[in-house]
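256 is the number that the numbering used here gives to position 228 of the sequence shown; each next residue is one higher, with no gaps. Report on the following structure.
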Amino acid sequence: MARRKLIAGNWKMNNTNGEAVSLVKEILENAKNVVDKDIVVAPTFTCLSEVNSVIKNTNVKLAAQNMYHEPSGAFTGQISSDMLKDVGCEYVILGHSECRSIFGETDSLINKKIKRALEASIKPIFCIGETLDEREKGITNSIVENQTKAGFDGISLDDAKNVIIAYEPVWAIGTGKTATPADADNVHKVIRDTLKSIYNDTVAENMIILYGGSMNENNASELLNMPNIDGGLIGGAALKADKFLAIINSKIV
Ligand code: 13P
């Protein structure tokens, strides 16, 4: 089974409601006839509802940028899976490196969040990736292997099929430095092999694994045409409709 490409825009802490709506309208207007790729946008929490009202029942799908694992209660500042479903989220980004490094999210917390999202039928976009220091030490493969194992700990084979992985080398995020297509593809292969060891060949072969980290309209096509790269999780270039659309329109050969 050929894996479908998925292009996701992570808007991070950018855009007010007005800005978010005009950005998504421009994306939708130009991407509504795209049939060969899945398209996802991840606005901030405050814009989810407004953006959902624009894209509801279209081919552009909604993601949140994070979520808490408890269903409700005294967790000031947190957002639950029910709240995300209520505003139309089909996906949620979990374990982003900014949440790991700035907000101290651990592998075990991220694992709880993944489980909660799956229980709520929201597809987790589970982020992993090595730091520059780890890459220079030559331990990239073991880092992503361990992150993958920790993320999927206790998750059934059936549930695992609903997870999307985003490999985002931390040193490539927002820096203008991208992993070479061959390097990225190799790491994606390591992730697939890890999934094979946890589950089986089918789960590994069907898993959508996105690349993220300075993907843009110039390098997208080469990255997206690598055998193990199934799409992109895009930050900076997702904030400009023309750049995001150019990535969506990358030719896959
Ligand atoms: P940039 O595309 O800005 O490097 O960000 C990548 C990212 O972190 C997406 O989640």
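All C-beta atoms in this analysis are idealised placements derived from N, C-alpha and C, irrespective of residue type, glycine included. The model shown is predicted, which means the values in this text are computed figures rather than measured ones.
Straight through space, the alpha carbons of R220 and A91 are spaced by roughly 24 Å.
Under DSSP, Y195 forms a beta bridge with I156 and Y239.
For L122, the beta-bridge partners assigned by DSSP are F154. Under DSSP, D66 forms a beta bridge with L34. Rounded to whole angstroms, the separation of the alpha carbons of E158 and V218 is 13 Å. Proximity of the beta carbon of I262 to the ligand 13P is indicated: a heavy atom of the ligand is located closer than 6 Å.
In the DSSP annotation of this structure, the continuous segment of the beta strand (DSSP E) that includes I262 starts and ends at G259 to I262. In this structure, C117 lies near I150, with their beta-carbon atoms less than 7 Å apart. Excluding the 5 residues flanking it on each side, A248 has same chain C-beta neighbours closer than 7 Å at G260, I275 and S278, in chain order. For S242, the shortest C-beta to heavy atom distance toward the ligand 13P is below 6 Å. Per DSSP, A91 lies in no alpha helix (DSSP H); the unbroken beta strand (DSSP E) holding it starts and ends at V88 to A92. Residue nearest to C155 within the set N42, G101, I237 and K33 is I237 (criterion: CA-CA distance). Around G241, the same chain offers E196, P197, A200, I201, T206 and A207 as residues with beta carbons nearer than 7 Å, after the five sequence neighbours per side are excluded. E57 sits exposed, since fewer than 16 C-beta atoms from the chains shown fall within 10 Å of its C-beta. The alpha-carbon separation between S170 and A188 amounts to approximately 21 Å.
The beta carbon of L273 sits closer than 7 Å to those of I55, N58 and A59, all from its chain and outside the five residues before and after it, given in chain order. Counting along the chain, N58 sits inside the alpha helix (DSSP H) bounded by residues N45 to A59. The DSSP-derived three-state label of S100 is coil.
Relative to the ligand 13P, the beta carbon of G132 is positioned no closer than 6 Å to any heavy atom. For N38, the CB falls within less than 6 Å of some heavy atom of the ligand 13P.
In the DSSP annotation of this structure, the continuous segment of the alpha helix (DSSP H) that includes T168 starts and ends at T168 to G179. When distances are taken from the beta-carbon of G123 to the heavy atoms of the ligand 13P, even the shortest one reaches 6 Å or more. Across the set L252, M41, S108 and N234, the C-alpha of L252 shows the shortest separation from the C-alpha of I280.
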